[in-house]
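Report on the structure given below.
Number of protein chains: 2
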Amino acid sequence: MKQRGIFTKTRRDAPKDETSKSAQLLIRAGFVYKEMAGVYTMLPLGLRVLNKIENIIREEMNALGASELNMTALQDSETWKKTDRWDDEKVDNWFKTKLKNDTQLGLAFTHEDPITNLMREHINSYKDLPVYTYQFQTKFRNELRAKSGIMRGREFLMKDLYSFSLNKEQHDEFYEKAKQAYFNVFKRVGLGDLTHLTFASGGLFSKFSHEFQTLCDAGEDLIYIDEKTGLAVNKEVLTDEILADLKINRNDLVEKKAIEVGNIFTLGTRFSEPLELIVDNPDGQRTPVFMGSYGIGLGRVMGTVAEIFADEKGLNWPINIAPFDVHVLNLSVNDAECTKRAEEVYKLLNENGVETLLDDRDVSGGVKFADADLIGIPYKIVIGKNSLGLGADKVFYRRKGETTEDTEILLSDLIEKISNEKK
Amino acid sequence: MKQRGIFTKTRRDAPKDETSKSAQLLIRAGFVYKEMAGVYTMLPLGLRVLNKIENIIREEMNALGASELNMTALQDSETWKKTDRWDDEKVDNWFKTKLKNDTQLGLAFTHEDPITNLMREHINSYKDLPVYTYQFQTKFRNELRAKSGIMRGREFLMKDLYSFSLNKEQHDEFYEKAKQAYFNVFKRVGLGDLTHLTFASGGLFSKFSHEFQTLCDAGEDLIYIDEKTGLAVNKEVLTDEILADLKINRNDLVEKKAIEVGNIFTLGTRFSEPLELIVDNPDGQRTPVFMGSYGIGLGRVMGTVAEIFADEKGLNWPINIAPFDVHVLNLSVNDAECTKRAEEVYKLLNENGVETLLDDRDVSGGVKFADADLIGIPYKIVIGKNSLGLGADKVFYRRKGETTEDTEILLSDLIEKISNEKK
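These protein sequences, in sequence, are chains A and B. Numbering of the first sequence is given in this note's numbering, commencing with residue 4 and proceeding in unit increments. Numbering of the second sequence is given in this note's numbering, commencing with residue 4 and proceeding in unit increments.
Here it is as structure tokens:
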């Protein structure tokens, strides 16, 4: 894509009320636009990052054998009354609205209740189980305060997966696979090393639920890590009894700030009982379906990556979710030879599956370098009058704490290098 | 994909309150689930169709040089007050909600107002123009009645494109290109022959806007077609003056029922003036940006295709938007040889880019045939004990009014045929 075809401009300043570092940078670099606190439009660069995160998650969900659907935001109150989640005293973050005839509707903050209701049409017997289904869908949560940028939205895109099993054994088997799929996702988006499986309280049907917590100073959560094993617990389960159960010594624990980038829950029959999702089991008896739910907030993942990899110059995207792989900076758009070479490089990279942004704007080299650093595409190729005679192109590579400048590289080598990095 | 991996079952009956034929079939075949009137969940098969429509539109929008973004449903009232569209007396289909502090918010029924507001950060000079941007985003419209299934939703996915030009000349040039892109879209989804460019009233900045109306007995609109030219007018512009202007003879007009599958508007400065989207023109004067907006409802396109191509047996999808290209029916899942051949065919087709659904369920052949007819995938390959010795596979092809049964075909020929049809 050519930069003149993207309408966004970089900004010197973020909105005054934006306190989150990642949101400030994402706004300044033209990835997101703040409609109001906790409500962000995804601009073209931001949408590309979000789509890449989505596709990574989709691949991992499909590999689990789950099928994709897309549910609705508008929700009939009847379903939620049956599960006792309609009352604002019970659920404190509903956005509600109403039809012309004054019927109250909710805007879904999650979808356990309607998916259970829907499944009554499709699940009748143990032969129909297990079922796994997921969606990428916008959730609405009426947060009292929203000050963490895209990491805690009032409106945000979420991947939610639901599992329907005959019993706890069938459920547990899938739950372990889902745990592994989550590790795969966080590894692929670049958060693998910093993300800890964290034990949290489990509710009626399981001793624990599990959070995936990424270490980050801007995190709103505190977790306690056993640095030997990498396992962590959150505050609500930091008791002697549970630590003994997990064979963790309290003295080994280190308190860290973290961001919850995903969570998985054993729901048991919490929803299938009130909503009567009941099957015949192999013995001919009627039994409520055993459920699980598994969430990842995509904006939160994007914000966390932005927050963690940013440096004083701007954003730094890992190659798998970068809006583009290579940023070609044509320093002399009014010079025919430079422009010819820039177009050649742009064409060749795209033809070889390397997603490339070409800065074809008629602005100074200084502006181009500063914007490229702010936007944070992994590789930059700089084309100027003094690079044309080299027989190779100049590539800059900047990662946090690791800068390579002015390296000469053949395009064929760069194409191979990027292809290997993406694997 | 294997049919046992999709949780949906076909149904004998649709909900009693569902009067739309297309919605009845889409529900019975397991493409959509009705949450309430005008609010439909996309089940796996339906989502595949919707995604294919989305990708066709995306390709045509990108070919126009437009960049994709994604705006929010939640809307600050201030913007809409400036354009005088916040008051429920002025806009009668708002869904509104509120924050914890009682601030009223709207759920966007369209995005002209916020996109104009957003562009103030990115458009300052004639040098920044033109700008074209689009999104696929959920709209909320509080319809008094919603009885046309997914063809008139209260919550629905829309493609909305916005153009920002320096003046009417720059706008008109793009408007004509957008018109052509719309024809491309409707041709590619299978509605080309039935879709008429229809003149509608234009507002302050242009004599006409244009609707794309698809002939259909279930349509809510009446249009008047000049069958010689294929041009049409809607009721609001059916005057002698306008007919003379369009060089249409009233006696040549035929009244037909139709569905509005798309529309394009010249907005002029209707939004840029109140929201102060002003640029320096080349003469150094300040001038409001000249805008256009261009919509397509994806569910409406899907519903229209479903409605028009359905026959007494079920749905009939055109190959470009069918959930799968080929439906392989293994009639004897308990026979090792049949299952081996079914798996071979399934694998070979998928490896050659033919999207294939394999009916691997342990149900009777009659159920498989009836379900396959209801679901409406263009090609069916039937594998049973008496087809194994043939040296070729049996392919059924069913279109409305055109049925080919029991044709023997080599897979390599089928792969080539489908590849050609998709072009």
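Note that CB positions come from ideal geometry on N, CA and C, so glycine has one too.
If contacts are defined as beta-carbon pairs under 8 Å, then residue i and residue j qualify, I think. What distance do you get, rounded to the angstrom?
| i | j | result |
| --- | --- | --- |
| F312 of chain A | P321 of chain A | 7 Å |
| A111 of chain B | K142 of chain B | 6 Å |
| F159 of chain B | G300 of chain B | 6 Å |
| D163 of chain B | H125 of chain B | Contact doesn't hold; Cβ gap of about 18 Å is too wide. |
| I384 of chain B | V398 of chain B | 6 Å |
| T82 of chain B | P117 of chain B | 6 Å |
| Q140 of chain B | G109 of chain B | With 8 Å as the limit, Q140 of chain B and G109 of chain B do not qualify as a contact, their Cβ atoms being about 14 Å apart. |
| N474 of chain B | G379 of chain B | Not covered by the structure: residue 474 of chain B. The range shown for chain B is 4 to 426. |
| N355 of chain B | A345 of chain B | N355 of chain B to A345 of chain B, Cβ: 16 Å. No contact. |
| F215 of chain A | Y185 of chain A | 6 Å |
| H213 of chain A | I267 of chain A | 5 Å |
| N145 of chain A | K103 of chain B | 6 Å |
| L278 of chain A | T119 of chain A | 5 Å |
| L218 of chain B | L197 of chain B | 5 Å |
| P132 of chain B | T44 of chain A | A small fix is needed here, since residue 132 of chain B is Leu in this sequence, not Pro. Wrong, their Cβ atoms sit about 20 Å apart, outside the cutoff. |
Is residue i helix, strand or coil when you go by DSSP?
| i | result |
| --- | --- |
| D374 of chain A | helix |
| R427 of chain B | The requested residue 427 of chain B is not part of the displayed model; chain B covers only 4 to 426. |
| S128 of chain A | strand |
| R289 of chain A | strand |
| N337 of chain B | coil |
| M4 of chain A | coil |
| M305 of chain B | helix |
| E187 of chain B | According to the sequence as given, residue 187 of chain B is Asn; it is not Glu. DSSP places N187 of chain B in helix when its eight states are reduced to three. |
| L94 of chain B | Here residue 94 of chain B is Val; the residue named in the question, Leu, does not match the sequence. It is coil, neither helix nor strand. |
| K142 of chain A | strand |
| N120 of chain A | helix |
| M154 of chain A | helix |
| I380 of chain B | coil |
| E346 of chain B | helix |
| L351 of chain A | helix |
| N73 of chain A | strand |
Mind checking whether residue i and residue j have CB atoms under 7 Å apart?
| i | j | result |
| --- | --- | --- |
| G41 of chain B | R157 of chain B | yes |
| L351 of chain A | H330 of chain A | no |
| D363 of chain B | K93 of chain B | no |
| G387 of chain A | S335 of chain A | yes |
| Q138 of chain A | M74 of chain A | yes |
| T269 of chain A | S204 of chain A | no |
| L427 of chain B | Y36 of chain B | No answer is possible for residue 427 of chain B: it lies beyond the span of chain B, which begins at 4 and ends at 426. |
| I324 of chain B | I56 of chain B | yes |
| S168 of chain B | F293 of chain B | yes |
| V357 of chain A | I418 of chain A | yes |
| L280 of chain A | K180 of chain A | no |
| A261 of chain B | D224 of chain B | yes |
| S70 of chain A | I9 of chain B | yes |
| F202 of chain A | G195 of chain A | no |
| V192 of chain A | V304 of chain A | yes |
| E347 of chain B | L391 of chain B | no |
| S25 of chain B | G306 of chain B | yes |
| G295 of chain A | M161 of chain A | no |
* Short-range partners of chain B found in the segment 159 to 185 of chain A, where Cβ spacing is below 9 Å -> So the close ones are L160, F167.
- Using 8 Å as the Cβ pair cut-off and three pairs as the minimum, do the segment 27 to 39 of chain A and the segment 370 to 381 of chain A touch? yes
Taking three-plus beta-carbon pairs below 8 Å as touching, is the segment 217 to 234 of chain A in contact with the segment 252 to 263 of chain A? yes
With 8 Å as the C-beta to C-beta threshold (strictly closer), list the residues of the segment 51 to 73 of chain B near chain A in chain order.
L53, G68, S70, E71, L72, N73
So does the segment 237 to 255 of chain A actually touch the segment 282 to 292 of chain A, counting three or more Cβ pairs closer than 8 Å? no
Can you give me, in chain order, the residues of the segment 310 to 336 of chain B that have a beta carbon less than 9 Å from any beta carbon in chain A? none
Please list the residues of the segment 21 to 39 of chain A that have a C-beta atom closer than 7 Å to any C-beta atom in chain B, keeping them in chain order.
Those residues of the segment 21 to 39 of chain A that come within reach of chain B (Cβ to Cβ, closer than 7 Å) are Y36, E38, M39.
Subject >> Contacting positions in the segment 279 to 309 of chain B - beta carbon closer than 8 Å to chain A >> reply: Within the segment 279 to 309 of chain B, no residue has its Cβ closer than 8 Å to any Cβ of chain A.
Mind listing which residues of the segment 200 to 225 of chain B have their C-beta closer than 7 Å to chain A's C-betas, in chain order? none
Note down, in chain order, all residues in the segment 335 to 358 of chain A with a beta-carbon under 8 Å from any beta-carbon belonging to chain B.
If the cut-off is 8 Å between Cβ atoms, the segment 335 to 358 of chain A has nothing near chain B.
Of the residues that make up the segment 79 to 106 of chain A, which ones have a beta carbon closer than 7 Å to any beta carbon in chain B?
Those residues of the segment 79 to 106 of chain A placed with their C-beta closer than 7 Å to a C-beta in chain B are D79, F98, K99, T100, L102, K103, ordered along the chain.
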